[in-house]
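Per the UniProt record's numbering, residue 1 is the first one in the sequence shown, and the count goes up by one each step. Presented below is the structure to which this report refers.
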Amino acid sequence: MGVGFLRDSKRGAVCVKLFLTKQQRHLSIFAKIGLSYSFESSFFGFNNFIMSQTFVRSFDIESINKTLKMQQKSVGDVSCVIWDAAIVLSKYLEILYSKNKEYFMNKQVIELGAGLGCAGLVASCLGAHVTMTDLPEVIENLKNNIECNKLVWESCGGNAQARSLKWGSSDIDAYSPPDVLIATDCVYYEESVEPLVQTMTALSSDKTEILVCQEERDTEQQQHAWKLFRDLFTKHFEYTKVPLKDQHSLYSSDEIVIFRGRKKSQLSLVN
């Protein structure tokens with residue numbers, strides 16, 4: 001059983017709403033500041049009876065006064081909901097934009113493990129040309145969110161598309177190095193860490209800015225995966241941890257880290 005948060009439009013209060021999910025999740029660290037949801041349910045059947053519930057999250061891009069409508073699913077294993085790390089990074093992208101209005105304008109951005117595409121869609125609304133990638137089995141949800149928000153990102157001069165990409169595969173050859181590469185909450189299983197870092201290394205040039213945002217979870221498995229990622233990432237990238245004071249004052253947490261860096265030059269790798 002998972003927990004969702006809905007806004008009562010009459011009272012302006014945040015209410016707790018239980019919904020079915022296979023993913024166990026602690027209460028959102030941002031619940032206390034009032035995240036906006038609406039809840040829509042649909043029921044259908046084929047062969048055996050299947051229940052499908054969807055709910056819509058309204059995500060405000062404060063810096064440009066735009067709102068995204070993110071379709072989420074309460075039943076499924078992956079790519080169903082927007083995780084807290086995606087919110088943190090999305091708000092940090094706004095901060096980068098507020099400091100430099102040209103930061104994303106006409107820039108090529110690739111997002112790895114995009115899920116529902118929150119961070120990528122925010123980047124497109126800030127003027128970037130964004131390719132959001134994920135596994136083939138979850139790409140449909142991503143495409144739906146891109147299409148649902150097309151009028152928003154088009155009005156901002158950006159562009160968004162979804163493509164399937166399996167980390168560590170030859171699919172990488174079809175991509176050119178982007179100006180910005182983002183990855184949000186991609187470190188979960190140990191076996192996926194090496195392919196992830198391989199993909200990041202292959203996709204980026206020494207001019208590509210890397211933005212990694214990750215929630216530091218407390219299970220032994222996830223702590224080990226995160227340590228392995230940092231060890232491998234350090235071999236290929238120079239990076240700094242973005243301090244909390246440089247992040248959004250509300251949408252940030254000491255449990256969620258942002259790394260900002262670039263690929264090491266071949267000379268530094270030799271030395």
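Backbone N, C-alpha and C define an ideal beta-carbon position, used for all residues, glycine too.
For residue i, the residue or residues it bridges with in DSSP
i: ILE82; result: The partner list for ILE82 (beta bridge, DSSP) is empty, contrary to what the question assumes.
i: MET70; result: ARG57
i: LYS241; result: PHE259
i: LYS159; result: It is worth fixing the name first, because residue 159 is Asn in this sequence and not Lys. Paired residues: HIS129.
i: VAL109; result: VAL130 and VAL180
i: SER164; result: ASP134
Residue i: first and last residue of the uninterrupted alpha helix (DSSP H) it sits in
i: GLY224; result: Sequence inspection shows His at residue 224; the Gly mentioned does not correspond to that position. Here the alpha helix (DSSP H) through HIS224 covers 220-236.
i: LEU203; result: 190-203
Residues of its chain near residue i, where Cβ-Cβ distance is below 6 Å and the 5 sequence neighbours each way are ignored
i: LEU126; result: TYR97 and PHE104
i: ILE139; result: ALA162 and SER164
i: VAL109; result: ALA123, ALA128, VAL130, PRO178 and VAL180
i: VAL212; result: ALA183 and PHE259
Cβ neighbours of residue i in the same chain (closer than 7 Å, five flanking residues each side left out)
i: PHE237; result: ILE210, GLY261, ARG262, LYS263 and LYS264
i: ALA225; result: VAL187, TYR188, TYR189, GLU190 and VAL193
i: PRO177; result: LEU203, SER204, SER205 and THR208
i: ALA119; result: ALA86, LEU89, SER90, LEU93, GLU111, ILE182 and THR184
i: SER252; result: VAL88 and LEU244
i: LEU228; result: GLU190 and VAL193
i: GLU137; result: none
i: SER169; result: none
i: VAL152; result: LYS66, LEU68 and CYS125
Where the beta strand (DSSP E) containing residue i begins and where it ends
i: ALA183; result: 180-184
i: residue 289; result: One cannot answer for residue 289 here, as it falls past the ends of the chain, which runs 1 to 271.
i: GLN247; result: From DSSP, GLN247 is part of no beta strand (DSSP E); its letter is neither H nor E.
i: ILE210; result: 209-215
Contacting residues, own chain, Cβ-Cβ under 8 Å from residue i (five flanking each side not counted)
i: ILE172; result: LEU165, THR199, ALA202 and LEU203
i: TYR175; result: ILE110, THR131, LEU165 and LEU203
i: PHE72; result: According to the sequence displayed, residue 72 carries Gln and not Phe. These residues qualify, in order along the chain: THR54, PHE55, VAL56, ARG57, CYS80, VAL81, ILE82 and LEU116.
i: GLN247; result: VAL88, LYS91, TYR92, ILE95 and ILE258
i: THR240; result: PHE259, ARG260 and GLY261
i: ASN48; result: Residue placement at ASN48 cannot be trusted, given a pLDDT of 35 that sits under 50; what the coordinates show is reported in the next sentence. Nothing meets the Cβ criterion.
i: GLY158; result: PHE104, ALA123, SER124, CYS125, LEU126, GLY127, ALA128, HIS129 and VAL130
Residue-chain proximity (residue i, chain C), Cβ-Cβ < 7 Å
i: ALA225; result: Absent from the structure: chain C. Only one protein chain is present.
- Item | Minimum length 4: unbroken alpha helix (DSSP H) runs contained in the stretch 111-154 | Runs of the alpha helix (DSSP H) spanning 4 or more residues and lying entirely within the stretch 111-154 occur at 118-125 and 139-148, in chain order.
- Task: Would you be able to state if there are at least three C-beta pairs under 8 Å between the stretch 179-191 and the stretch 110-121?
- Result: Cβ pair count under 8 Å is three or more, so yes.
- Are there three or more Cβ pairs, one per stretch, closer than 8 Å when the stretch 79-98 is compared with the stretch 143-151? At 8 Å Cβ cutoff, the stretches do not touch.
- Pairing CB atoms from the stretch 191-199 with CB atoms from the stretch 224-243, are three or more of them under 8 Å? Touching, per the Cβ criterion.
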